[in-house]
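A.B. asks:
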Amino acid sequence: MSYTSEIYERVVAQNPGEPEFHQAVKEVLDSLKVVIDANEEEYRKDSILERLVEPERIISFKVPWVDDQGKVQVNKGYRVQFNSAIGPYKGGLRFHPSVNQSILKFLGFEQIFKNSLTGLPIGGGKGGSNFDPKGKSDREVMAFCQSFMTELHKYIGADEDVPAGDIGVGGREIGYMYGQYKRLTGLYEGVLTGKGLTWGGSLVRTQATGYGLVYILNEMVTAAGDSLEGKTVIVTGSGNVAIYAVEKVTQLGAKVVAMCDSNGYIHDPNGIKLDVVKDIKEVRRGRIKEYADEVEGATFTEGKGIWNIPCDIYLPCATQNELDLDGVKTLAANGCKVIAEGANMPTTREATDYILENGILFMPGKAANAGGVATSALEMTQNSMRLSWSAEEVDEKLHGIMKDIYAKVSSAAARYGMEGNFVAGANIAGFEKVVAAMKAQGVV
Ligand code: NDP
Ligand code: 2IT
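The opening residue of the sequence shown carries number 16 in the working numbering; numbering runs sequentially from there.
1) Suppose you measure from the CA of Gly452 to the CA of Leu132; what does that come to, to the nearest Å?
2) Quick one: grab the DSSP three-state call for Cys351.
3) Please state whether the Cβ-Cβ distance between Ala383 and Ala355 is less than 8 Å.
4) CB-CB under 6 Å to Ser75, same chain, minus the five flanking residues each way: which ones, in chain order?
5) Name, in chain order, the residues that DSSP records as bridge partners for Ile249.
6) Just grab the DSSP bridge partners of Tyr431 for me.
7) Evaluate Asp283 with the Cβ neighbour count: other Cβ atoms within 10 Å of its Cβ, from every protein chain shown; 16 or more gives buried, anything less gives exposed.
8) Just tell me which of Val271, Lys149 and Ser253 has its CA closest to the CA of Glu244.
9) Using the Cα positions of Tyr280 and Val89, report the straight-line distance between them to the nearest angstrom.
10) Just checking my contact of Leu207 with Val248 at CB under 8 Å: how many whole Å lie between their CB atoms?
11) If you draw a straight line from the alpha carbon of Leu228 to that of Leu371, how long is it in whole angstroms?
12) Taking all protein chains shown into account, do 16 or more other C-beta atoms lie within 10 angstroms of the C-beta of Pro379, making it buried, or fewer, making it exposed?
13) Assign Gly334 to one of three DSSP states: helix, strand, or coil.
14) Considering only heavy atoms of the ligand NDP, does any lie closer than 7 Å to the CB of Ile231?
15) Could you tell me how far apart the beta carbons of Val40 and Tyr58 are, in whole angstroms, since I believe they sit closer than 8 Å?
16) Can you tell me the Cα-Cα spacing of Gln29 and Ser99, whole angstroms?
17) Of all the alpha helix (DSSP H) runs that stay within the bounds of the stretch 130-211, which reach a length of 4 or more residues?
18) Taking a contact to mean a Cβ-Cβ separation below 8 Å, would you say Glu394 touches Arg187 in this structure?
19) On the criterion of 16 or more Cβ atoms from any shown chain inside 10 Å, does Glu434 qualify as buried, or is it exposed?
20) Sort Gly134, Gly140 and Pro136 by Cα distance to Leu122 and report the nearest one.
21) Give a yes or no on contact between the stretch 189-209 and the stretch 162-175, applying the rule of three or more CB pairs nearer than 8 Å.
22) Comparing the CB of Cys332 with every heavy atom of the ligand NDP, is any distance shorter than 7 Å?
23) Under 7 Å from any heavy atom of the ligand 2IT, does the C-beta of Asn98 make it?
24) Just verifying my parser: in three-state terms, what is the DSSP assignment at Met16?
25) Is Asn442 buried or exposed, if buried means 16 or more other CB atoms sit within 10 Å of its CB?
26) Would you mind listing the beta strand (DSSP E) stretches within the stretch 87-124 that are 3+ residues and don't spill past its ends, in chain order?
27) Using the Cβ count rule (16 or more neighbours within 10 Å means buried), how would you classify Lys169?
28) Would you say the beta carbon of Gly106 comes nearer than 7 Å to a heavy atom of the ligand 2IT?
29) May I ask you to report which of helix, strand or coil DSSP gives Glu24?
30) Is Met157 buried or exposed, if buried means 16 or more other CB atoms sit within 10 Å of its CB?
31) I'd like the list of long-range same chain contacts for Tyr203, defined as Cβ closer than 7 Å, with 5 residues on each side in sequence excluded.
32) Using 7 Å as the cut-off, classify the Cβ of Lys48 as near or not near the heavy atoms of the ligand 2IT, replying yes or no.
33) Would you mind giving the Cβ-Cβ distance between Ile420 and Ile231, rounded to the nearest angstrom? I have them listed as a contact below 8 Å.
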């Protein structure tokens with residue numbers, strides 16, 4: 016049996032009941048097979064893959080807090096510190112009822128390679144809680160965040176582990192957690208990113224994941240001899256990543272006709288009015304359905320099926336495994352030519368295989384959504400220097416990083432005879448840097 020297959024079987028056996036983690040590991044190992052096979056003896060001797068798939072540390076803890084009725088609630092909290100070969104652990108915190116160890120291990124594992132691709136010195140980590148911020152009062156969110164940080168603060172630090180946002184964690188939650196960290200430690204340091212602009216945050220971090228996604232999308236489309244001008248686009252989700260992907264792709268001349276949340280999707284053939292979406296989601300914390308009540312000509316459809324709307328480009332920006340084989344077949348049948356993942360692993364394995372076999376241009380999340388964490392690393396740099404860069408400066412750096420990721424991913428794929436397979440290219444290019452660092456640092 017090949018070394019990569021052996022390791023996959025070991026991961027499944029040793030991590031039972033963690034399907035998302037298995038899925039993420041399998042995709043990476045399948046891509047790495049060509050690299051490993053070329054030098055199998057050495058990789059086996061160093062047990063590189065055994066070391067890569069085992070988190071350095073997983074912290075799990077109780078988060079008790081008091082709700083507005085005076086009742087004590089208890090949630091689970093986690094931080095997965097996966098790999099620190101190239102820098103302090105870096106990655107978001109997710110607050111969503113579905114959060115469990117499998118999901119955070121898949122996200123932490125992906126983060127290792129994503130962070131490597133940015134070219135910046137950041138290792139891989141992820142954390143979060145099964146707490147659901149939806150429908151909670153600000154006071155309840157603050158009580159939860161303070162309790163969460165009361166435990167987490169023992170394990171993080173500006174040079175140790177630097178969390179940020181993800182699903183359910185935005186500026187409000189980062190603020191409450193930062194305040195509690197400062198109170199507990201007495202340190203005013205860059206321990207979290209995605210901070211507000213008056214207390215250490217970076218300009219463009221809010222926009223960075225969505226903008227970065229569109230910058231790399233533009234590279235792909237341009238390299239294929241086309242442009243974004245006049246293209247019809249679907250962006251799934253309506254949170255942080257989705258909103259700023261819509262903003263940038265619209266600026267570059269495309270028309271976004273559909274978005275969604277977990278209740279259903281809106282279709283606006285005239286082009287999504289982003290100021291309405293921002294007001295619903297960023298100001299009122301409402302549901303996407305309200306868009307159809309407010310905008311003439313727009314419709315709301317309950318449930319899944321946004322992929323039934325014809326488009327040229329599909330940008331999944333909600334959550335893992337949101338796009339399955341049937342969805343992707345429908346997209347292809349309706350003429351969709353490009354898919355780039357704003358979310359982490361939004362495409363199932365079967366759907367990804369279909370995409371690659373059917374000539375749809377495809378950029379995987381670990382490359383396509385790396386602009387968020389890259390700009391987080393720029394926030395860390397500014398915090399260390401005690402300086403703030405202008406929006407133009409940060410945006411220009413972000414743009415350069417996304418172009419560089421495209422170049423790395425496409426050249427790694429070509430180097431191994433898989434031209435245009437950006438899944439393989441991203442996994443290989445991300446792996447090469449991390450492994451070189453792991454080897455240099457010995458058995459630790
Ligand atoms: P937000 O919480 O801001 O938004 C998430 C959006 O996705 C909401 O519209 C939400 O709908 C929808 N969604 C979440 N879960 C589900 C589900 N199970 N089914 C259908 N829709 C769902 O999160 P972000 O925009 O920050 O994150 C979106 C994705 O991007 C995630 O995969 C995240 O890991 C990834 N990502 C985020 C980065 C960042 O900087 N924020 C960086 C890189 C990747 P609803 O409100 O109904 O739940
Ligand atoms: O998935 C991700 O890359 C993020 N949620 C952003 C992580 C970060 O540290 O900015």
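Glycine is no exception: its CB is placed at the ideal position from the N, C-alpha and C atoms.
C.D. replies: If we stick to the structure as given:
1) Here residue 452 is Ala; the residue named in the question, Gly, does not match the sequence. If you take the alpha carbons of Ala452 and Leu132, they lie about 14 Å apart.
2) Of the three classes helix, strand and coil, the one that applies to Cys351 here is coil, per DSSP.
3) One thing to note: Ala383 has its Cβ within 8 Å of the Cβ of Ala355.
4) Tyr93
5) Ala273 and Tyr329
6) Per DSSP, none; premise fails for Tyr431.
7) buried
8) Val271
9) 33 Å
10) Taking C-beta atoms under 8 Å as the contact rule, Leu207 and Val248 fail to qualify, at a distance of about 32 Å.
11) Their backbone Cα atoms lie some 19 Å apart in a straight line.
12) buried
13) Reading off the sequence, residue 334 comes out as Thr, not Gly. Reduced to three states, the DSSP call for Thr334 is coil.
14) no
15) Not confirmed; about 16 Å, so no contact.
16) Distance between the alpha carbons of Gln29 and Ser99 is about 22 Å.
17) 153-167 and 186-200
18) no
19) exposed
20) Selected option, being the one with the closest Cα: Gly140.
21) Flag = yes, the stretch 189-209 and the stretch 162-175 touch.
22) yes
23) no
24) coil
25) Buried, since its Cβ has 16 or more Cβ neighbours within 10 Å.
26) 87-98 and 104-110
27) exposed
28) Within the cutoff, so yes.
29) helix
30) That one is buried.
31) Lys197
32) Not one heavy atom of the ligand 2IT is found less than 7 Å from the C-beta of Lys48.
33) 6 Å
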